[in-house]
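Colleague: Residue numbers (my numbering): 3 to 256. Take a look at the following structure, please.
This is the structure we're talking about:
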(Lines of atoms letter the chains of each structure in order from A; the text may use other names.)
(Lines give C-alpha, C1' and ligand atoms only; values in the text may rest on other atoms or scores of the structure.)
Protein backbone atom coordinates (compact mmCIF):
# COMPACT_ATOMS: atom_id res chain seq x y z
CA UNK A 3 0.00 0.00 0.00
CA UNK A 4 1.77 3.14 -1.14
CA UNK A 5 -0.87 5.61 0.16
CA UNK A 6 -2.57 5.25 3.52
CA UNK A 7 -5.04 7.51 5.31
CA UNK A 8 -5.21 7.27 9.09
CA UNK A 9 -8.04 8.79 11.18
CA UNK A 10 -8.47 11.78 8.87
CA UNK A 11 -10.99 14.33 10.23
CA UNK A 12 -12.43 17.64 9.09
CA UNK A 13 -15.13 19.57 10.98
CA UNK A 14 -17.17 22.60 10.01
CA UNK A 15 -19.53 24.88 11.88
CA UNK A 16 -23.12 25.41 10.76
CA UNK A 17 -25.86 27.22 12.72
CA UNK A 18 -23.72 27.07 15.84
CA UNK A 19 -23.19 23.32 15.59
CA UNK A 20 -20.15 21.30 14.54
CA UNK A 21 -20.51 18.60 11.90
CA UNK A 22 -17.99 16.20 10.43
CA UNK A 23 -17.29 16.49 6.70
CA UNK A 24 -14.72 13.73 7.23
CA UNK A 25 -14.97 11.61 10.35
CA UNK A 26 -12.02 9.33 11.22
CA UNK A 27 -11.39 8.20 7.64
CA UNK A 28 -9.15 5.16 7.22
CA UNK A 29 -8.23 3.40 3.97
CA UNK A 30 -5.27 2.39 1.83
CA UNK A 31 -4.51 2.38 -1.88
CA UNK A 32 -2.26 -0.16 -3.59
CA UNK A 33 -0.21 0.44 -6.70
CA UNK A 34 -2.14 -0.08 -9.92
CA UNK A 35 -5.64 -0.51 -8.48
CA UNK A 36 -8.76 1.46 -9.40
CA UNK A 37 -10.85 2.34 -6.36
CA UNK A 38 -14.28 3.95 -6.51
CA UNK A 39 -15.23 6.48 -3.83
CA UNK A 40 -19.04 6.59 -3.83
CA UNK A 41 -21.72 8.61 -2.11
CA UNK A 42 -24.58 11.02 -2.67
CA UNK A 43 -23.98 14.76 -2.88
CA UNK A 44 -22.88 16.05 0.51
CA UNK A 45 -21.55 12.71 1.74
CA UNK A 46 -18.00 14.05 2.02
CA UNK A 47 -16.39 12.70 -1.17
CA UNK A 48 -14.98 15.97 -2.48
CA UNK A 49 -13.93 17.10 1.00
CA UNK A 50 -11.93 13.88 1.31
CA UNK A 51 -10.34 14.49 -2.10
CA UNK A 52 -9.30 17.98 -1.03
CA UNK A 53 -7.87 16.62 2.23
CA UNK A 54 -5.87 14.04 0.28
CA UNK A 55 -4.37 16.76 -1.92
CA UNK A 56 -3.80 19.28 0.88
CA UNK A 57 -6.14 21.80 -0.72
CA UNK A 58 -8.13 21.67 2.53
CA UNK A 59 -6.17 21.26 5.79
CA UNK A 60 -7.27 18.37 8.01
CA UNK A 61 -8.17 19.03 11.63
CA UNK A 62 -6.53 15.77 12.64
CA UNK A 63 -5.27 12.53 11.16
CA UNK A 64 -2.50 11.68 8.73
CA UNK A 65 -1.91 11.03 5.04
CA UNK A 66 1.04 8.66 4.62
CA UNK A 67 2.98 8.18 1.39
CA UNK A 68 5.08 5.00 1.47
CA UNK A 69 4.36 4.92 5.23
CA UNK A 70 5.85 8.39 5.71
CA UNK A 71 3.48 11.11 7.01
CA UNK A 72 3.01 13.98 4.55
CA UNK A 73 3.49 17.44 6.07
CA UNK A 74 1.45 19.74 3.83
CA UNK A 75 3.00 22.77 5.56
CA UNK A 76 6.46 21.73 4.33
CA UNK A 77 7.35 22.97 0.85
CA UNK A 78 9.67 20.04 0.18
CA UNK A 79 7.03 17.53 1.34
CA UNK A 80 4.38 19.13 -0.86
CA UNK A 81 6.69 19.20 -3.88
CA UNK A 82 7.55 15.53 -3.49
CA UNK A 83 3.91 14.60 -2.90
CA UNK A 84 2.55 16.54 -5.88
CA UNK A 85 5.04 14.83 -8.19
CA UNK A 86 3.24 11.60 -7.34
CA UNK A 87 -0.38 12.65 -6.78
CA UNK A 88 -2.49 14.54 -9.34
CA UNK A 89 -6.07 15.80 -8.98
CA UNK A 90 -8.46 15.99 -11.96
CA UNK A 91 -11.39 18.28 -11.19
CA UNK A 92 -15.06 17.82 -12.07
CA UNK A 93 -14.91 21.06 -14.05
CA UNK A 94 -11.78 20.78 -16.26
CA UNK A 95 -11.62 24.55 -16.77
CA UNK A 96 -10.43 24.71 -13.13
CA UNK A 97 -7.08 23.31 -14.25
CA UNK A 98 -6.50 25.89 -17.01
CA UNK A 99 -5.89 29.62 -17.00
CA UNK A 100 -8.31 31.14 -19.54
CA UNK A 101 -5.59 33.27 -21.16
CA UNK A 102 -3.08 30.42 -21.51
CA UNK A 103 -3.10 27.92 -24.36
CA UNK A 104 -3.77 24.25 -23.70
CA UNK A 105 -0.22 23.47 -24.79
CA UNK A 106 1.40 25.88 -22.32
CA UNK A 107 -0.79 24.56 -19.50
CA UNK A 108 0.15 20.94 -20.20
CA UNK A 109 3.85 21.82 -20.47
CA UNK A 110 3.90 23.74 -17.19
CA UNK A 111 4.28 20.70 -14.89
CA UNK A 112 7.00 19.34 -17.19
CA UNK A 113 8.99 22.57 -17.04
CA UNK A 114 8.74 22.52 -13.24
CA UNK A 115 10.03 18.94 -13.14
CA UNK A 116 13.28 19.01 -15.05
CA UNK A 117 12.24 19.24 -18.71
CA UNK A 118 13.70 21.97 -20.91
CA UNK A 119 11.40 23.71 -23.37
CA UNK A 120 12.32 21.52 -26.35
CA UNK A 121 11.80 18.33 -24.34
CA UNK A 122 8.48 19.64 -23.00
CA UNK A 123 7.23 20.41 -26.53
CA UNK A 124 8.12 16.91 -27.68
CA UNK A 125 6.35 15.39 -24.69
CA UNK A 126 3.34 17.67 -25.27
CA UNK A 127 2.84 16.16 -28.73
CA UNK A 128 3.01 12.67 -27.24
CA UNK A 129 0.53 13.54 -24.45
CA UNK A 130 -2.01 15.02 -26.86
CA UNK A 131 -1.81 11.94 -29.06
CA UNK A 132 -2.13 9.65 -26.02
CA UNK A 133 -5.32 11.37 -24.90
CA UNK A 134 -6.91 11.47 -28.35
CA UNK A 135 -6.38 15.13 -29.17
CA UNK A 136 -4.93 16.49 -32.39
CA UNK A 137 -1.70 18.46 -31.97
CA UNK A 138 -3.55 21.56 -33.20
CA UNK A 139 -5.26 21.68 -29.78
CA UNK A 140 -1.97 22.89 -28.28
CA UNK A 141 -2.72 26.40 -29.59
CA UNK A 142 -6.34 26.51 -28.43
CA UNK A 143 -7.79 27.89 -25.21
CA UNK A 144 -9.93 26.00 -22.74
CA UNK A 145 -13.13 27.86 -23.74
CA UNK A 146 -12.69 26.61 -27.31
CA UNK A 147 -12.96 22.95 -26.28
CA UNK A 148 -16.02 20.78 -25.75
CA UNK A 149 -16.57 19.14 -22.37
CA UNK A 150 -15.00 15.86 -23.46
CA UNK A 151 -12.06 17.59 -25.16
CA UNK A 152 -11.44 19.72 -22.06
CA UNK A 153 -11.43 16.64 -19.85
CA UNK A 154 -8.96 14.91 -22.18
CA UNK A 155 -6.71 17.97 -21.94
CA UNK A 156 -7.01 17.90 -18.13
CA UNK A 157 -6.01 14.22 -18.14
CA UNK A 158 -3.04 14.99 -20.42
CA UNK A 159 -1.88 17.66 -17.97
CA UNK A 160 -2.36 15.36 -14.97
CA UNK A 161 -0.41 12.43 -16.45
CA UNK A 162 2.39 14.58 -17.87
CA UNK A 163 4.73 13.85 -14.93
CA UNK A 164 3.65 10.18 -14.63
CA UNK A 165 2.02 10.39 -11.18
CA UNK A 166 1.49 7.27 -9.10
CA UNK A 167 -2.08 8.31 -8.23
CA UNK A 168 -4.81 10.12 -10.16
CA UNK A 169 -7.69 11.47 -8.06
CA UNK A 170 -10.62 11.85 -10.45
CA UNK A 171 -13.40 13.93 -8.85
CA UNK A 172 -16.72 13.37 -10.69
CA UNK A 173 -14.88 13.90 -13.97
CA UNK A 174 -17.59 12.28 -16.12
CA UNK A 175 -20.69 13.67 -14.39
CA UNK A 176 -21.23 16.52 -16.88
CA UNK A 177 -20.60 14.39 -19.97
CA UNK A 178 -22.99 12.43 -22.16
CA UNK A 179 -22.96 8.63 -21.97
CA UNK A 180 -20.78 8.10 -25.06
CA UNK A 181 -18.18 10.64 -23.93
CA UNK A 182 -18.21 9.14 -20.43
CA UNK A 183 -17.33 5.76 -21.88
CA UNK A 184 -14.57 7.26 -24.03
CA UNK A 185 -13.01 9.00 -21.03
CA UNK A 186 -13.18 5.83 -18.91
CA UNK A 187 -11.60 3.79 -21.72
CA UNK A 188 -8.84 6.39 -21.97
CA UNK A 189 -8.19 6.24 -18.21
CA UNK A 190 -8.18 2.45 -18.28
CA UNK A 191 -5.66 2.41 -21.14
CA UNK A 192 -3.39 4.87 -19.33
CA UNK A 193 -3.72 2.97 -16.05
CA UNK A 194 -2.69 -0.27 -17.73
CA UNK A 195 0.20 1.42 -19.52
CA UNK A 196 1.68 3.15 -16.47
CA UNK A 197 0.23 1.06 -13.59
CA UNK A 198 -1.21 4.26 -12.18
CA UNK A 199 -3.53 4.00 -9.20
CA UNK A 200 -6.89 5.76 -9.70
CA UNK A 201 -9.26 7.02 -7.02
CA UNK A 202 -12.48 7.47 -8.97
CA UNK A 203 -14.98 9.69 -7.15
CA UNK A 204 -18.60 9.43 -8.29
CA UNK A 205 -22.22 9.18 -7.17
CA UNK A 206 -22.92 6.67 -9.97
CA UNK A 207 -22.44 3.15 -8.59
CA UNK A 208 -23.26 1.55 -11.96
CA UNK A 209 -20.50 3.55 -13.65
CA UNK A 210 -18.02 2.71 -10.88
CA UNK A 211 -18.94 -0.98 -10.90
CA UNK A 212 -17.94 -1.30 -14.56
CA UNK A 213 -14.63 0.47 -14.03
CA UNK A 214 -13.31 -0.07 -10.49
CA UNK A 215 -11.71 -3.01 -8.70
CA UNK A 216 -12.83 -1.96 -5.23
CA UNK A 217 -15.42 0.43 -3.76
CA UNK A 218 -15.50 2.75 -0.76
CA UNK A 219 -18.96 4.08 0.14
CA UNK A 220 -19.27 7.36 2.06
CA UNK A 221 -22.21 8.69 4.06
CA UNK A 222 -22.26 11.73 6.35
CA UNK A 223 -18.50 12.08 6.34
CA UNK A 224 -17.69 8.43 7.09
CA UNK A 225 -16.72 5.40 5.03
CA UNK A 226 -19.61 3.04 5.78
CA UNK A 227 -18.81 0.17 3.43
CA UNK A 228 -15.72 -1.11 1.65
CA UNK A 229 -15.01 -4.13 -0.51
CA UNK A 230 -14.66 -5.63 -3.95
CA UNK A 231 -17.17 -4.39 -6.53
CA UNK A 232 -18.72 -7.81 -6.98
CA UNK A 233 -19.19 -8.35 -3.23
CA UNK A 234 -20.82 -4.98 -2.64
CA UNK A 235 -23.12 -5.24 -5.66
CA UNK A 236 -24.29 -8.72 -4.69
CA UNK A 237 -24.56 -8.15 -0.96
CA UNK A 238 -24.69 -4.47 0.09
CA UNK A 239 -24.73 -4.05 3.86
CA UNK A 240 -25.28 -0.34 4.46
CA UNK A 241 -28.50 1.47 3.60
CA UNK A 242 -26.53 4.20 1.76
CA UNK A 243 -25.11 1.58 -0.59
CA UNK A 244 -28.57 0.15 -1.18
CA UNK A 245 -29.86 3.66 -1.96
CA UNK A 246 -27.13 4.14 -4.57
CA UNK A 247 -27.99 0.77 -6.13
CA UNK A 248 -31.69 1.60 -6.16
CA UNK A 249 -31.03 4.95 -7.83
CA UNK A 250 -28.92 3.26 -10.51
CA UNK A 251 -31.65 0.67 -11.05
CA UNK A 252 -34.35 3.33 -11.41
CA UNK A 253 -32.28 5.31 -13.92
CA UNK A 254 -32.09 2.32 -16.25
CA UNK A 255 -35.87 2.53 -16.62
CA UNK A 256 -36.15 6.23 -17.33
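Heads up, the beta-carbon is just placed ideally off N, CA and C, and yes, glycines get one too.
Quick one: complete beta strand (DSSP E) runs, 3+ long, within the region 127-201?
Modeller: Whole beta strand (DSSP E) segments, 3+ residues: 167-171.
Colleague: Entirely within the region 65-117 and at least 3 residues each: give me those beta strand (DSSP E) ranges in chain order.
Modeller: 87-90, all fully within the region 65-117.
Colleague: Would residue 69 be called buried (16 or more neighbouring beta carbons within 10 Å of its own) or exposed?
Modeller: Exposed: under 16 other Cβ atoms inside 10 Å.
Colleague: Is the separation between the beta-carbon of residue 181 and that of residue 212 shorter than 8 angstroms?
Modeller: For residue 181 and residue 212, no; Cβs fall outside 8 angstroms.
Colleague: For residue 109, count the other beta carbons within 10 Å of its own beta carbon; 16 or more makes it buried, fewer makes it exposed. Which is it?
Modeller: Classification for residue 109: buried.
Colleague: Are the region 47-56 and the region 231-248 in contact at 8 angstroms, needing three or more beta carbon pairs?
Modeller: With the cut-off at 8 angstroms, the region 47-56 and the region 231-248 do not touch.
Colleague: Name the one or two DSSP bridge partners that residue 3 has.
Modeller: Note: residue 3 sits in no beta bridge, so no partner.
Colleague: Bridge partners of residue 29, per DSSP?
Modeller: Partner(s): 7.
Colleague: Just to confirm before moving on: does the CB-CB distance between residue 133 and residue 172 stay below 8 angstroms?
Modeller: In this structure, residue 172 does not lie closer than 8 angstroms to residue 133 by Cβ.
Colleague: Can residue 5 and residue 31 be called in contact, C-beta distance under 8 angstroms?
Modeller: In contact: residue 5 and residue 31 (Cβ atoms closer than 8 angstroms).
Colleague: Please say whether residue 144 and residue 207 have beta carbons closer to each other than 8 angstroms?
Modeller: Not a contact, by the Cβ cut-off of 8 angstroms.
Colleague: Taking 7 angstroms as the cut-off, is the C-beta of residue 53 nearer than that to any heavy atom in the ligand NAP?
Modeller: As presented, the structure is devoid of all ligands, the ligand NAP included, so that no description of it is given.
Colleague: What residues in its chain sit with their C-beta under 8 angstroms from that of residue 165, if we drop five residues either side in the sequence?
Modeller: Contacts found: 85, 86, 87, 88 and 198.
Colleague: Starting from residue 207, trace the alpha helix (DSSP H) both ways and give me its first and last residue.
Modeller: Taken as a continuous stretch (DSSP letters only), the alpha helix (DSSP H) holding residue 207 covers 207-211.
Colleague: DSSP three-state call for residue 234: helix, strand or coil?
Modeller: Correct three-state label for residue 234: helix.
Colleague: Taking just the CA atoms, how far does residue 223 sit from residue 152?
Modeller: Between residue 152 and residue 223, the C-alpha separation is close to 30 angstroms.
Colleague: Excluding the five sequence neighbours on either side, which residues of its own chain have a C-beta within less than 8 angstroms of the C-beta of residue 13, listed in chain order?
Modeller: Here the set comprises 20, 21, 22, 23 and 61.
Colleague: Take residue 7 as the anchor and find which of 115, 72 and 43 has the nearest alpha-carbon.
Modeller: That would be 72, whose Cα lies nearest to the Cα of residue 7.
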